[in-house]
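Engineer:
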Amino acid sequence: MILRAINSAADTVMLLIFLLLLAFGIYAVWDARIVQQEAAGEQFRQYRPAAEDAGTFEEFRQINPEVFGWLTVYGTNIDYPLVQAEDNEKYLNTSADGEYSLSGSLFLDFRNRNDLSDFNSIIYGHHMAGNVMFGDIGSFKDREYFESRMYGELYCDGQYYGLEFFAFLEVDAYNDAVYHPAVTGEAQQRDYLNMLREQALYYREIGVDYEDRVVLLSTCTSDITNGRHILAGRLTDTVKEDPFQEEAARGEGLLAEISLTSLLPVICAVGVTVFLALVIIFLNRRRGK
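Residue 243 in this note's numbering is what sits at position 194 of the sequence shown, and the numbering runs on without skipping anything.
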């Protein structure tokens with residue numbers, strides 16, 4: 050009799066543990082999916098400035114006046130509004146519409162001018178699972194990926210500019226020489242370009258010079274301690290056609306796919322927990338007979 054009571058209590062405890070773990074797993078799945086949906090930026094695409102009409106973009110700026118542009122990197126999921134605050138902290142956990150968000154935003158260094166008239170400008174973004182936000186930047190570490198994705202476009206100050214990527218770097222977050230925006234002086238600008246070339250994992254010779262405007266896209270990496278991946282490009286007046294447009298059109302269902310893939314470990318963990326709980330309950334009941 051006592052043994053049965055003990056077994057019954059053990060079953061109850063195991064069942065409660067199972068329910069708690071199940072609830073936690075469901076919450077983790079839900080929370081991760083919400084974060085990914087926010088990071089995918091689908092809610093902002095309606096405001097993407099068109100070459101013919103930037104009216105909807107101006108409506109977006111009325112929601113958040115710190116929105117100043119739009120960045121697209123061809124052949125990636127990078128297609129987001131750009132913001133700038135009075136520091137480099139605010140948009141680490143604030144979305145482009147000004148709301149709290151773990152995924153943050155793509156933001157320009159506060160020391161840069163947001164018409165991108167500086168010699169070198171730095172744009173930051175989180176490296177996130179599912180290749181959202183700046184998650185695709187790390188893919189440029191693959192040489193073939195770097196070679197096949199040369200262009201993008203950047204909208205600011207009422208017009209589109211082309212982006213021609215020429216270097217991919219893996220550097221320390223405390224590399225002050227690289228993270229020095231708005232370099233002035235011909236000699237210093239030439240030195241900066243030489244430094245980018247010397248520190249680049251990959252470099253494409255496009256004739257970039259001190260008279261050009263350079264944009265660095267920076268994100269975190271776990272490949273090295275305090276690591277950062279940087280994709281460097283040159284602003285041009287010519288906007289190249291996107292050779293990946295058809296792939297982008299077929300990618301409307303990408304978010305659901307990447308969400309399921311990235312959440313698979315959580316789903317498997319919940320399944321294993323269910324199985325183990327049922328096995329233990331079954332064995333306890335067998336011993337109690």
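We treat Cβ as the ideally placed atom computed from N, Cα and C, and that holds for glycine.
As the structure is a prediction and not an experimental result, all values here were calculated from the model.
Nearest to M177 by CA position, among E91, A145, G187 and I171, is which residue?
Structural biologist: G187
Engineer: Can you give me the C-alpha to C-alpha distance between G211 and W119, rounded to a whole angstrom?
Structural biologist: 12 angstroms
Engineer: Can you give me the start and stop residues for the beta strand (DSSP E) that F217 sits inside?
Structural biologist: Q208 to D221
Engineer: So what's A236 in DSSP terms, helix, strand or just coil?
Structural biologist: helix
Engineer: Give me the residue from S154, G153 and E135 with the minimum Cα distance to A160.
Structural biologist: Sequence check: residue 160 is Arg here, not Ala. Ranking the options by Cα distance to R160, first place goes to E135.
Engineer: Pick from T143, H278, L218 and H175: whose alpha carbon is nearest that of E253?
Structural biologist: Glu is not the amino acid found at residue 253; the sequence shown has Arg there. Ranking the options by Cα distance to R253, first place goes to L218.
Engineer: Identify the residues that DSSP records as bridge partners of Y241: which are they?
Structural biologist: Answer is none; Y241 lacks a bridge partner.
Engineer: Just confirm the distance between the C-beta atoms of L157 and I172, as a whole number of angstroms; I'd bet it's less than 8 angstroms.
Structural biologist: 5 angstroms
Engineer: Please report the distance separating the alpha-carbon of Y251 from that of L203.
Structural biologist: 22 angstroms
Engineer: I believe C205 touches L165 by the beta-carbon criterion, under 8 angstroms. Please report the beta-carbon distance rounded to the nearest angstrom.
Structural biologist: 6 angstroms
Engineer: If you draw a straight line from the C-alpha of Y96 to the C-alpha of E108, how long is it?
Structural biologist: 7 angstroms
Engineer: Could you pull out every residue in the same chain whose Cβ sits closer than 7 angstroms to the Cβ of Y149, ignoring the five residues on either side in sequence?
Structural biologist: N142 and T143
Engineer: From this set, F195, Q92, R192 and G201, which residue's C-alpha is nearest R283's C-alpha?
Structural biologist: G201
Engineer: Would you give the residue range spanned by the beta strand (DSSP E) that R97 belongs to?
Structural biologist: Here R97 belongs to no beta strand (DSSP E), and DSSP marks it neither H nor E.
Engineer: Give the straight-line distance between the Cα atoms of F106 and F214, rounded to the nearest whole angstrom.
Structural biologist: 25 angstroms
Engineer: Identify, in the order they occur along the chain, each residue of the same chain with its Cβ nearer than 6 angstroms to the Cβ of D261, setting aside the five sequence neighbours on each side.
Structural biologist: R283
Engineer: By the DSSP assignment, the alpha helix (DSSP H) with F195 in it spans what residues?
Structural biologist: R192 to S197
Engineer: Could you tell me the distance, in whole angstroms, from the CA atom of T125 to the CA atom of V220?
Structural biologist: 22 angstroms
Engineer: Nearest-angstrom Cα distance between M182 and L242?
Structural biologist: 26 angstroms
Engineer: In the structure shown, what three-state DSSP assignment does R283 receive?
Structural biologist: strand
Engineer: Looking only at its chain, what residues have a beta carbon closer than 6 angstroms to the beta carbon of P130, apart from the 5 residues adjacent to it on each side?
Structural biologist: F93, V116, W119 and A145
Engineer: Beta-carbon within less than 6 angstroms of D167's beta-carbon, same chain only, minus the 5 sequence neighbours each way: which residues are those?
Structural biologist: Correct list, in chain order: N161 and A231.
Engineer: Work out the CA separation of V132 and A249 for me, nearest whole Å.
Structural biologist: Looking at the two C-alpha atoms, the distance is approximately 27 angstroms.
Engineer: Less than 8 angstroms between the CB atoms is what I'm expecting for G147 and I112, so what's the real figure, rounded?
Structural biologist: 7 angstroms
Engineer: Using only the alpha-carbon positions, how far apart do C269 and G184 sit?
Structural biologist: Their backbone Cα atoms lie some 9 angstroms apart in a straight line.
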